[in-house]
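Peer 1: Just passing along the structure, written as structure tokens.
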Amino acid sequence: MDQIECVIIGAGVVGLSIARALALEGRDVLIIEKEDAFGLHTSSRNSEVIHAGIYYPKDSLKAQLCVEGKQLLYEYCNLRSIPHKRTGKLIVATEDFEIETVKQYIDKASDNGVDDLIWLSQSEVAELEPEVSSVGAVFSPSTGIIDSHSYMLSLLGDTENAGGLVVYQTSITSIKPQGDKFIVKTKGLNAHEIKASVVINAAGLYACDVARTIAELDETSIPQPYYAKAHYYSLSGRNPFTHLVYPVARKASLGVHVTVDMGGGARFGPDLDWIEGIDYSFDESRKQLFYDAIRRYWPSVGRDQLQPGYTGIRPKISGPNEPAADFLIQSYEAHQMKGLINLFGIESPGLTASLAIAELVGRQIESEN
4 MDQIECVIIG AGVVGLSIAR ALALEGRDVL IIEKEDAFGL HTSSRNSEVI HAGIYYPKDS
64 LKAQLCVEGK QLLYEYCNLR SIPHKRTGKL IVATEDFEIE TVKQYIDKAS DNGVDDLIWL
124 SQSEVAELEP EVSSVGAVFS PSTGIIDSHS YMLSLLGDTE NAGGLVVYQT SITSIKPQGD
184 KFIVKTKGLN AHEIKASVVI NAAGLYACDV ARTIAELDET SIPQPYYAKA HYYSLSGRNP
244 FTHLVYPVAR KASLGVHVTV DMGGGARFGP DLDWIEGIDY SFDESRKQLF YDAIRRYWPS
304 VGRDQLQPGY TGIRPKISGP NEPAADFLIQ SYEAHQMKGL INLFGIESPG LTASLAIAEL
364 VGRQIESEN
């Protein structure tokens, strides 16, 4: 039986961030990933936005970790020369009745410690984005974009340089407490039985499944998972945008927005499609819904300019018609199992918050010693 101090399940952006933080502390770290590469699910199938921390309830983990993580992420990207850009974001009101809602984002952001949002008039919006139709907008200067693959590659490099290891094509079959350790059994290409002091479940879409393999874990502590599928369309032809452009947020989603990428292109998404399981197929019948949504703020868009891009799935722990859930990061206080940390519902702004999540998990582990 192999012995290792810390086992991290999941090589997405959150698992990699946690692994890096622990390895840099001098801990013995092993990442177990069921796919044949890192970051193949939520971490790479998203908008690649560095969020400011505008939308989330005051004092929530999402708000706290997004604001902290944004600063850490910009610093890390500069240090490691990871492709990123502080583009800024417009949240546009397309009709007069939306103005009050959009202006409320300024106060909401301020509650979260984000004090740089400003209101722009219709003419000021037109100066920044001539093709955008609006009656005004809020501008967030600290919002940006990042090359998420380069970011994850750097996190993995830091982890490995500090002595951490990752194994792919390996799944968890059971996790059993044994004294002050855990016996972790795996199957697949690198099947092993491992004795670990710390087990961190950062399996994203599969976090609830992994939690169910943990013997003696109270099932009532495992939330019900929900899967919210997202489609993204790419823009063919010239991209007229230099900033991110968002409509007024809808329930459970920020709406179909424009995201520019590091290559100068643009994409639109995400939409929201509740599904029963993991399914990345692209439903081209949703094109008309995208076209109608985009025309609200970009009336000159041509339907043929929208080309199928990719899909992603948000790992939610709140369902349709329910209030959006906060991140759920469970340590000893929640389940009375020393050395176990479960991370559930790490959807947006998980990418932005990843380094702050890693710091939080590190503090939780330290507090149990």
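Residue numbers (our numbering): 4 to 372. We treat Cβ as the ideally placed atom computed from N, Cα and C, and that holds for glycine.
Using the beta-carbon count (16 or more within 10 Å), is Phe100 buried or exposed?
Peer 2: With fewer than 16 other Cβ atoms within 10 Å, it is exposed.
Peer 1: Checking 8 Å against the spacing of the C-beta atoms, do Arg270 and Ser303 come in under that value?
Peer 2: No. Outside cutoff.
Peer 1: Using 8 Å as the threshold, is the C-beta distance between Tyr249 and Leu93 below it?
Peer 2: For Tyr249 and Leu93, yes; Cβs fall inside 8 Å.
Peer 1: Can you give me the Cβ contacts of Leu331 inside the same chain, cut-off strictly under 7 Å, excluding the 5 residues immediately before and after it?
Peer 2: If we look at Leu331 and ignore the five residues flanking it on each side, its Cβ neighbours are Pro226, Ile320, Phe347, Gly348.
Peer 1: Output the boundary residues of the alpha helix (DSSP H) element that contains Asn81.
Peer 2: Residues 64-83.
Peer 1: Given Asp118, which residues of its chain have a CB within under 8 Å of its CB, disregarding the five upstream and five downstream residues?
Peer 2: So the list reads Ala112, once near-sequence residues are dropped.
Peer 1: Using 10 angstroms around the beta-carbon of Ser351, count the other beta-carbons present and answer buried if the total reaches 16, otherwise exposed.
Peer 2: So Ser351 counts as buried.
Peer 1: Give the single residue among Pro318, Ala328, Ser334, Glu336 whose Cα lies nearest to the Cα of Ser46.
Peer 2: Residue Pro318 is the option with its Cα nearest to Ser46.
Peer 1: Taking Gln164 as part of the beta strand (DSSP E), name the residues at either end of that continuous run.
Peer 2: Note that residue 164 is Asn in the sequence shown here, rather than Gln. Per DSSP, Asn164 belongs to no beta strand (DSSP E); it is in the alpha helix (DSSP H), 151-164.
Peer 1: Work out the CA separation of Trp122 and Lys232 for me, nearest whole Å.
Peer 2: So the two alpha carbons sit approximately 32 Å from each other.
Peer 1: From this set, Gln107, Ala26, Ser126, Gly312, which residue's C-alpha is nearest Leu120's C-alpha?
Peer 2: Among Gln107, Ala26, Ser126, Gly312, the Cα nearest to that of Leu120 belongs to Gln107.
Peer 1: Measuring CA to CA, which of Asn345, Tyr300, Tyr171, Asp161 is closest to Glu28?
Peer 2: Taking only the C-alpha atoms, the option nearest Glu28 is Asp161.
Peer 1: Mapping the DSSP letters down to three states, classify Asp329 as helix, strand or coil.
Peer 2: Residue state, collapsed to three classes: coil.
Peer 1: In angstroms, rounded to a whole number, what distance separates the CA positions of Val16 and Glu36?
Peer 2: In a straight line, the C-alpha of Val16 is about 12 Å away from that of Glu36.
Peer 1: How is the beta strand (DSSP E) around Lys170 delimited, first residue to last?
Peer 2: Reading off the sequence shown, one finds Val at residue 170, where the question assumed Lys. Per DSSP, Val170 belongs to the beta strand (DSSP E) from 168-170.
Peer 1: For the alpha helix (DSSP H) holding Lys319, just list the boundary residues, first then last.
Peer 2: From DSSP, Lys319 is part of no alpha helix (DSSP H) but of the beta strand (DSSP E) over 309-319.
Peer 1: Excluding the five sequence neighbours on either side, which residues of its own chain have a C-beta within less than 7 Å of the C-beta of Phe285, listed in chain order?
Peer 2: Cβ neighbours of Phe285 beyond the five flanking positions: His234, Pro311, Thr314.
Peer 1: Over the uninterrupted alpha helix (DSSP H) stretch that includes Asp295, give me the two end residues.
Peer 2: Unbroken alpha helix (DSSP H) run through Asp295: 290-298.
Peer 1: Rounded to whole angstroms, what is the Cα-Cα separation between Ser143 and Ser239?
Peer 2: If I take the Cα positions, the gap works out to 26 Å.
Peer 1: What is the residue span of the alpha helix (DSSP H) that Leu247 lies within?
Peer 2: That residue, Leu247, is in no alpha helix (DSSP H); its beta strand (DSSP E) goes 247-249.
Peer 1: Would Phe185 and Gly342 qualify as a contact pair, given that the criterion is a beta-carbon distance under 8 Å?
Peer 2: Result yes, Cβ atoms of Phe185 and Gly342 sit closer than 8 Å.
Peer 1: Since I believe Lys73 is in contact with His44 (beta carbons under 8 Å), could you give me their beta-carbon distance rounded to a whole number of angstroms?
Peer 2: Their Cβ separation, rounded to whole angstroms, is 22 Å, which puts His44 and Lys73 out of contact at 8 Å.
Peer 1: Out of curiosity, what's the CA-to-CA distance linking Glu398 and Asp274?
Peer 2: Because the chain in this structure spans residues 4 to 372, residue 398 falls outside the shown range and cannot be described.
Peer 1: If I'm right that Val52 touches Thr262 with Cβ under 8 Å, what's the distance once you round it to whole angstroms?
Peer 2: Sure, about 6 Å apart at Cβ, within 8 Å.
Peer 1: On a CA-only basis, which of Tyr59, Ser157, Ile178 is nearest Ala218? Give me that one, please.
Peer 2: Minimum Cα distance to Ala218 is reached at Ile178.
Peer 1: Output needed for Ile360: all residues of its chain with C-beta closer than 8 Å, excluding positions within five of it in sequence on either side, in chain order.
Peer 2: Within the same chain, Ile360 has close Cβ partners Val17, Ser20, Ile21, Leu68, Gly72, Phe330, Ile332, Leu346, Ile349, Gly353.
Peer 1: Would you call the CB atoms of Lys198 and Met4 closer than 8 Å?
Peer 2: Yes, the Cβ-Cβ distance between Lys198 and Met4 is below 8 Å.
Peer 1: Looking at the secondary structure, which residues open and close the alpha helix (DSSP H) in which Thr355 lies?
Peer 2: Segment 353-371, the alpha helix (DSSP H) holding Thr355.
Peer 1: Answer yes or no: do Ile7 and Lys88 have a C-beta to C-beta separation smaller than 8 Å?
Peer 2: For Ile7 and Lys88, no; Cβs fall outside 8 Å.
Peer 1: What is the DSSP secondary structure of Ala255, reduced to helix, strand or coil?
Peer 2: Low per-residue confidence applies at Ala255: pLDDT is 49, beneath 50, and the placement is therefore not dependable enough to give any value.
Peer 1: Going along the chain, which residues of its own chain have a beta-carbon closer than 7 Å to the beta-carbon of Ala26, five neighbours each way excluded?
Peer 2: Once the five neighbours on either side are set aside, the close Cβ partners of Ala26 are Val32, Thr162, Ala165, Gly166, Gly167.
Peer 1: Sorted by chain position, which residues of the same chain lie with C-beta nearer than 8 Å to Thr90's C-beta, five sequence neighbours on each side aside?
Peer 2: Closer than 8 Å at the Cβ level, and outside the excluded window around Thr90, lie Thr146, Gly147, Ile148, Thr245, His246, Leu247, Val263.
Peer 1: Could you check what DSSP says for Lys92 in three-state terms: helix, strand or coil?
Peer 2: Residue state, collapsed to three classes: strand.
Peer 1: Going straight from the alpha carbon of Tyr294 to that of Arg306, what length do you get?
Peer 2: Distance between the alpha carbons of Tyr294 and Arg306: 6 Å.
Peer 1: Could you tell me which residues DSSP pairs with Ser174 in its beta bridges?
Peer 2: Answer is Lys190, bridged to Ser174.
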